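Chains as they are written, first to last, in the working numbering: chain R, 393 to 681; chain L, 393 to 681; chain P, 393 to 681. Don't be surprised by glycine CBs; every beta carbon is placed ideally from N, CA and C. For clarity, every value in this text was computed on a predicted model and none was experimentally measured.
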Amino acid sequence: MHFTITKAGEIPRFETLGVRREGAVGFARIAAPPMNLLGPELVRDLVSLIQWAEADDALQVMVFQSADPDYFISHVDVTRIKEYREEAAKLTGEASIASLFRHLSASRLVSIAQIEGRVRGAGSEFVLACDMRFAALESAIFSQPEQAFGAIPGAGGVQHLTRLLGRGRALEVILSAEDYDAELAERYGWINRALPASSLGDFVRSLAERIAGFPKAGHVSVKERINAISLAPADDFRRDSDLFGEGLRTPEAQSRIDAAVKRGFQTRESEMDLARLLGDRSDGRTLGS
Amino acid sequence: MHFTITKAGEIPRFETLGVRREGAVGFARIAAPPMNLLGPELVRDLVSLIQWAEADDALQVMVFQSADPDYFISHVDVTRIKEYREEAAKLTGEASIASLFRHLSASRLVSIAQIEGRVRGAGSEFVLACDMRFAALESAIFSQPEQAFGAIPGAGGVQHLTRLLGRGRALEVILSAEDYDAELAERYGWINRALPASSLGDFVRSLAERIAGFPKAGHVSVKERINAISLAPADDFRRDSDLFGEGLRTPEAQSRIDAAVKRGFQTRESEMDLARLLGDRSDGRTLGS
Amino acid sequence: MHFTITKAGEIPRFETLGVRREGAVGFARIAAPPMNLLGPELVRDLVSLIQWAEADDALQVMVFQSADPDYFISHVDVTRIKEYREEAAKLTGEASIASLFRHLSASRLVSIAQIEGRVRGAGSEFVLACDMRFAALESAIFSQPEQAFGAIPGAGGVQHLTRLLGRGRALEVILSAEDYDAELAERYGWINRALPASSLGDFVRSLAERIAGFPKAGHVSVKERINAISLAPADDFRRDSDLFGEGLRTPEAQSRIDAAVKRGFQTRESEMDLARLLGDRSDGRTLGS
Numbered sequence: 393m394h395f396t397i398t399k400a401g402e403i404p405r406f407e408t409l410g411v412r413r414e415g416a417v418g419f420a421r422i423a424a425p426p427m428n429l430l431g432p433e434l435v436r437d438l439v440s441l442i443q444w445a446e447a448d449d450a451l452q453v454m455v456f457q458s459a460d461p462d463y464f465i466s467h468v469d470v471t472r473i474k475e476y477r478e479e480a481a482k483l484t485g486e487a488s489i490a491s492l493f494r495h496l497s498a499s500r501l502v503s504i505a506q507i508e509g510r511v512r513g514a515g516s517e518f519v520l521a522c523d524m525r526f527a528a529l530e531s532a533i534f535s536q537p538e539q540a541f542g543a544i545p546g547a548g549g550v551q552h553l554t555r556l557l558g559r560g561r562a563l564e565v566i567l568s569a570e571d572y573d574a575e576l577a578e579r580y581g582w583i584n585r586a587l588p589a590s591s592l593g594d595f596v597r598s599l600a601e602r603i604a605g606f607p608k609a610g611h612v613s614v615k616e617r618i619n620a621i622s623l624a625p626a627d628d629f630r631r632d633s634d635l636f637g638e639g640l641r642t643p644e645a646q647s648r649i650d651a652a653v654k655r656g657f658q659t660r661e662s663e664m665d666l667a668r669l670l671g672d673r674s675d676g677r678t679l680g681s
Numbered sequence: 393m394h395f396t397i398t399k400a401g402e403i404p405r406f407e408t409l410g411v412r413r414e415g416a417v418g419f420a421r422i423a424a425p426p427m428n429l430l431g432p433e434l435v436r437d438l439v440s441l442i443q444w445a446e447a448d449d450a451l452q453v454m455v456f457q458s459a460d461p462d463y464f465i466s467h468v469d470v471t472r473i474k475e476y477r478e479e480a481a482k483l484t485g486e487a488s489i490a491s492l493f494r495h496l497s498a499s500r501l502v503s504i505a506q507i508e509g510r511v512r513g514a515g516s517e518f519v520l521a522c523d524m525r526f527a528a529l530e531s532a533i534f535s536q537p538e539q540a541f542g543a544i545p546g547a548g549g550v551q552h553l554t555r556l557l558g559r560g561r562a563l564e565v566i567l568s569a570e571d572y573d574a575e576l577a578e579r580y581g582w583i584n585r586a587l588p589a590s591s592l593g594d595f596v597r598s599l600a601e602r603i604a605g606f607p608k609a610g611h612v613s614v615k616e617r618i619n620a621i622s623l624a625p626a627d628d629f630r631r632d633s634d635l636f637g638e639g640l641r642t643p644e645a646q647s648r649i650d651a652a653v654k655r656g657f658q659t660r661e662s663e664m665d666l667a668r669l670l671g672d673r674s675d676g677r678t679l680g681s
Numbered sequence: 393m394h395f396t397i398t399k400a401g402e403i404p405r406f407e408t409l410g411v412r413r414e415g416a417v418g419f420a421r422i423a424a425p426p427m428n429l430l431g432p433e434l435v436r437d438l439v440s441l442i443q444w445a446e447a448d449d450a451l452q453v454m455v456f457q458s459a460d461p462d463y464f465i466s467h468v469d470v471t472r473i474k475e476y477r478e479e480a481a482k483l484t485g486e487a488s489i490a491s492l493f494r495h496l497s498a499s500r501l502v503s504i505a506q507i508e509g510r511v512r513g514a515g516s517e518f519v520l521a522c523d524m525r526f527a528a529l530e531s532a533i534f535s536q537p538e539q540a541f542g543a544i545p546g547a548g549g550v551q552h553l554t555r556l557l558g559r560g561r562a563l564e565v566i567l568s569a570e571d572y573d574a575e576l577a578e579r580y581g582w583i584n585r586a587l588p589a590s591s592l593g594d595f596v597r598s599l600a601e602r603i604a605g606f607p608k609a610g611h612v613s614v615k616e617r618i619n620a621i622s623l624a625p626a627d628d629f630r631r632d633s634d635l636f637g638e639g640l641r642t643p644e645a646q647s648r649i650d651a652a653v654k655r656g657f658q659t660r661e662s663e664m665d666l667a668r669l670l671g672d673r674s675d676g677r678t679l680g681s
């Protein structure tokens with residue numbers, strides 16, 4: 393394990409996660425400045441967090457939050473794919489965050505995403521891997537931007553979105569690489585519900601405490617039966633992960649990523665409106681031209 | 393069969409169902425005071441009703457209603473599980489209401505639930521087994537409360553809700569054991585539509601008559617093709633039914649049921665707000681403590 | 393191929409489709425007066441259009457529109473089933489529009505339906521076969537009317553609607569043969585979104601251009617992965633197509649079609665309110681009596 397617990401029951405410290413615990417509910421606040429990119433450090437800490445939480449039999453529910461009001465998880469750091477994949481392998485034996493996220497879905501832990509700010513790419517796929525997703529009406533933004541570079545979502549997005557949204561809406565959101573606000577994300581089934589930011593925290597805490605108060609054997613049983621129907625086979629996650637990697641390694645993808653970087657891709661300020669950045673033709677050219 | 397028809401075409405009398413017929417449409421009004429619990433009598437009558445209706449070739453559509461404005465079907469009588477299961481076996485050969493409900497879904501009869509009041513647990517599962525569900529905006533309340541005791545829904549709720557609501561919302565409603573009003577139930581896909589109580593009856597009657605006027609061979613064909621895609625295999629219903637029974641037989645479940653009974657579980661008045669009863673910690677303890 | 397291109401890149405002319413092209417996006421406007429019935433001519437032209445579009449490597453997205461504000465595609469011409477099926481066979485080798493439509497779903501081309509007016513029966517099934525569907529709030533109307541005659545939808549409607557709407561809503565819309573407006577079609581998941589007619593065209597064009605600007609290899613990959621989950625097997629489309637034909641050939645169906653024709657079925661004016669025509673009992677009789 394990648395953390396040290398000095399006293400029994402003590403909460404380990406993580407570089408990119410602020411973790412606290414209230415009874416059977418854990419809260420993990422993502423804090424990976426400047427924009428909560430999913431890089432090796434955050435993956436390492438997520439792996440450690442899951443190991444710690446699963447090892448603690450009294451912990452039933454994990455709530456994920458963000459310390460950055462504009463970014464929950466922006467997306468993967470495309471310059472460090474190999475590194476973060478190696479971190480993921482420390483939990484699952486597979487160098488893939490698809491496999492890490494699927495582990496969370498299959499875990500005995502109940503996971504709830506409390507979403508403020510942007511969740512794009514692997515950020516969206518992380519919250520899709522959580523058991524439930526509640527988002528702030530005013531600030532949450534959802535996107536799978538991979539196809540702007542010619543890749544498919546590689547960490548479960550295809551699997552979850554197709555099942556949740558249906559064929560037409562899944563094709564729309566993945567082919568368009570557009571931003572979707574919380575209201576539309578709710579209508580499409582991307583999230584459970586959109587709530588006013590002012591009530592989101594209390595709602596999630598109350599729900600988490602309620603669930604945590606019910607028998608843990610039941611959590612396992614309910615998750616097993618629902619996952620048996622709705623969680624895609626591990627091989628489909630693997631295949632998507634491989635296709636994502638292959639897609640990004642093509643010269644066309646590399647050239648489009650370079651063009652996007654020139655426009656500010658992977659910077660906090662420019663990604664506030666990533667959808668426009670990816671699709672903009674106002675300067676007479678697209679990413680691909 | 394568990395009813396007697398003295399004259400050809402005459403409608404049998406049931407202890408807990410008020411049945412009338414208008415042309416090719418039958419109406420069954422559930423009346424099992426004090427709170428429409430699903431016990432042996434109501435299961436016995438549902439079995440008889442289905443036998444009678446299926447035997448009558450001129451009957452095409454069955455509408456289910458409630459005589460109690462506050463309860464459609466509250467849930468199973470947890471003190472009489474063995475007894476009501478034996479009644480269900482008289483239709484399907486299997487001592488399980490999951491099997492009874494699935495029989496209704498697969499029947500040549502078109503079934504429509506007109507929901508006013510509470511449908512919780514097996515009540516929710518009964519309306520999910522119907523081919524369509526329309527609910528009164530003002531009064532209908534939906535819940536799968538089983539996990540408050542550590543059990544999964546055992547009469548098809550996991551199968552239907554996961555397919556209708558998707559993984560995230562199905563996990564939410566089943567793990568939380570919360571009450572959902574008709575508006576949210578519609579948004580989640582639990583029901584077809586929520587309608588004002590003042591127009592619900594006319595809407596359902598008109599829809600039932602319209603459908604009943606179309607060819608009965610078509611009803612069978614449509615239901616077969618849609619069920620082939622969306623109705624879970626009988627074995628999955630059986631497995632859920634077994635898990636429900638196993639879950640409720642644990643000492644933890646028994647202790648939580650006892651604690652709930654002390655708070656008024658299975659009484660008409662206290663179950664008006666069952667969600668609170670199950671999750672309340674205001675007296676310093678939960679059902680489990 | 394059933395069209396002639398005189399110069400490289402020139403757009404062929406079609407009797408029932410007005411086709412134009414803007415960069416990587418093609419626009420096909422359905423114009424088959426008096427009511428955009430799907431007969432042999434329109435099927436022939438759709439086959440040719442797909443062949444032309446798929447052969448042109450620079451074309452990425454096809455947008456389908458209607459020249460008739462009241463009818464997008466009304467439904468098949470029930471008097472010419474054999475003929476239009478033979479036209480469909482020229483693309484797929486199978487005498488079935490189910491197979492033609494499924495070809496479009498599986499195509500490398502991204503297809504978007506921009507729906508104004510009525511889409512019933514095979515019209516609905518055509519837009520369901522498109523990758524995305526956006527409809528005018530004021531004018532779009534959706535229906536699968538087949539069961540009014542005792543047939544199932546035969547061109548993919550059962551497959552798509554059951555997966556998109558879920559069991560209850562799919563049973564409702566198919567068993568009722570009712571009209572659904574765009575707002576309800578959106579709530580049910582029949583379409584991606586309903587938009588005001590005044591903004592629909594710009595929205596669709598902008599989305600089409602955005603998608604067309606992304607790498608074409610990615611379109612193929614995304615569609616393959618999403619179709620692997622959500623597009624029903626060809627055999628299920630074939631079976632539905634056969635059942636549709638069998639259903640319509642029964643004496644009961646023929647008699648009901650005759651009765652509907654007497655009420656104006658397959659005429660522009662009377663089909664403005666087809667749902668009423670099919671279900672009306674105000675003259676003391678239904679189609680079946």
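### Message
I'd like to know if the stretch 572-587 of chain L and the stretch 419-435 of chain L are in contact, where contact means that at least 3 CB-CB pairs between them fall below 8 Å.
### Response
no
### Query
Smallest Cα separation from L:Ala540: which of L:Phe657, L:Met664, L:Val411?
Of L:Phe657, L:Met664, L:Val411, the residue nearest in Cα terms is L:Phe657.
### Message
If distances are taken between C-alpha atoms only, which option among P:Thr554, P:Ala528, P:Ala424 comes closest to P:Ala589?
### Response
P:Ala528
### Query
If we ignore side chains and look at the alpha-carbon of each, how far apart do L:Pro426 and P:Gly671 end up?
40 Å
### Task
Spell out whether any CB of chain R is found under 9 Å from the CB atom of L:Ser568.
yes
### Message
Per DSSP, what are the beta-bridge partners of P:Val538 in this structure?
### Response
For clarity, residue 538 of chain P is Glu in the given sequence; the question names Val instead. For P:Glu538, which the question treats as bridged, DSSP gives no partner whatsoever.
### Task
Report yes if the C-beta distance between P:Gly549 and P:Leu576 is below 9 Å; otherwise report no.
no
### Message
Residues of chain R with CB closer than 8 Å to the CB of L:Leu635, please, in chain order.
### Response
Residues of chain R passing the Cβ test: Ser613, Arg617.
### Message
Can you tell me whether L:Phe657 is helix, strand or coil according to DSSP?
### Response
Coil.
### Task
Please list the partners that L:Phe606 has in chain P, where partner means a Cβ-to-Cβ separation under 9 Å.
Near L:Phe606 (Cβ distances below 9 Å), the residues of chain P are Gln539, Ala540, Phe541, Gly542, Leu567, Ser568, Ala569, Arg648, Leu670, Gly671, Thr678, Leu679, Gly680.
### Query
At a Cβ threshold of 9 Å, is L:His467 touching chain P?
no
#### Entry: Interface residues of chain R facing L:Val596 [CB-CB closer than 7 Å]
Ordered by position in chain R, no residue passes the 7 Å Cβ test against L:Val596, which lies about 26 Å from the chain.
### Message
For R:Glu530, report the span of its beta strand (DSSP E) as first-last.
### Response
Neither: R:Glu530 is in no beta strand (DSSP E) and is coded neither H nor E.
### Message
Under 9 Å, Cβ to Cβ, is there at least one residue of chain P near R:Leu653?
### Response
It should be pointed out that residue 653 of chain R corresponds to Val in this sequence rather than to Leu. No, because no Cβ of chain P sits closer than 9 Å to the Cβ of R:Val653.
### Task
Please check the pair L:Ser488 and L:Arg630, which I expect to be a contact at CB under 8 Å, by giving their CB distance rounded to whole angstroms.
7 Å
### 9 Å Cβ cutoff met for P:Asp462 and P:Arg668
No, Cβ-Cβ distance for P:Asp462 and P:Arg668 is not below 9 Å.
### Task
Would you check if the stretch 561-577 of chain R and the stretch 457-474 of chain R touch, i.e. whether three or more CB-CB distances between them fall below 8 Å?
No contact exists between the stretch 457-474 of chain R and the stretch 561-577 of chain R.
### Task
Taking R:Leu599 as the query, report the chain L residues whose CB atoms sit under 7 Å from its CB, ordered along the chain.
Ser568
### Message
Below 8 Å on the Cβ atoms is my contact criterion, and I expect R:Phe526 with R:Ile544 to pass it. Report the Cβ-Cβ distance as a whole number of Å.
### Response
About 27 Å separates the two Cβ atoms, so there is no contact after all.
### Query
According to the neighbour-count rule (16 or more other Cβ atoms, all chains shown, within 10 Å of its Cβ), is R:Thr398 buried or exposed?
Here R:Thr398 scores only 47 on pLDDT, less than 50, and its place in the model should not be relied on; the value that follows carries that caveat. Classified as exposed, R:Thr398 has fewer than 16 neighbouring CB atoms from the shown chains inside 10 Å of its CB.
### Message
Comparing C-alpha positions only, which one of P:Ser458, P:Ala424, P:Gly418 sits nearest to P:Gln443?
### Response
P:Gly418
### Query
Taking the alpha-carbon positions, what's the P:His611 to L:Ala490 distance?
C-alpha separation (whole angstroms): 43 Å.
### Inter-residue spacing [alpha-carbon to alpha-carbon] between L:Val502 and L:Glu578
21 Å
### Listed by chain order, chain R residues near P:Asp449 by CB distance under 7 Å
Under the 7 Å cutoff, chain R gives no residues; its nearest Cβ is about 15 Å from P:Asp449.
### Query
If the cut is a Cβ gap below 8 Å, which residues of chain R does P:Val502 touch?
Leu563, Leu567
### Task
Could you name the residues of chain P that L:Arg525 contacts, counting a contact when the two beta carbons are closer than 7 Å?
For the C-beta of L:Arg525, the chain P residues within less than 7 Å are, from N- to C-terminus, Gly560.
### Cutoff 8 Å; reference R:Leu635; Cβ partners in own chain excluding five residues on either side
Ala543, Ile544, Gly546
### Query
Quick one: what does DSSP say L:Glu414 is sitting in, helix, strand or coil?
It is a strand residue.
### Query
Taking C-alpha atoms, which residue in L:Ala620, L:Ser516, L:Glu663 lies nearest to L:Ala574?
L:Ser516
### Task
Between the Cα of P:Leu409 and those of P:Ala416, P:Glu402, P:Ala651, P:Ile422, spot the shortest distance and give me the residue it belongs to.
Each of P:Ala416, P:Glu402, P:Ala651, P:Ile422 was checked against the Cα of P:Leu409, and the nearest Cα belongs to P:Ile422.
### Query
Which parts of the stretch 512-593 of chain P are runs of the beta strand (DSSP E), unbroken and 3 residues or longer, counting only runs that do not cross its ends?
524-528, 533-535, 585-587
### Partners in chain L for P:Val550, counting only beta-carbon separations shorter than 8 Å
Near P:Val550 (Cβ distances below 8 Å), the residues of chain L are Val614, Arg617, Ile618, Ile621.
### Task
Identify each residue in the stretch 573-584 of chain L for which the Cβ-Cβ distance to at least one residue of chain P is less than 7 Å, and report them in chain order.
For the stretch 573-584 of chain L, which is checked against every Cβ of chain P, the residues closer than 7 Å are Gly581, Asn584.
### Message
Strictly below 8 Å CB to CB, what residues from chain L border P:Glu644?
### Response
Pro607, Ala609
#### Entry: Chain-order list of residues whose beta-carbon lies under 7 Å from that of R:Asp437 (same chain, five-residue window excluded)
Phe406, Glu407, Thr408, Leu409
### Message
Quick check on P:Ser440: buried or exposed, where buried means 16 or more other Cβ atoms within 10 Å of its Cβ?
### Response
buried
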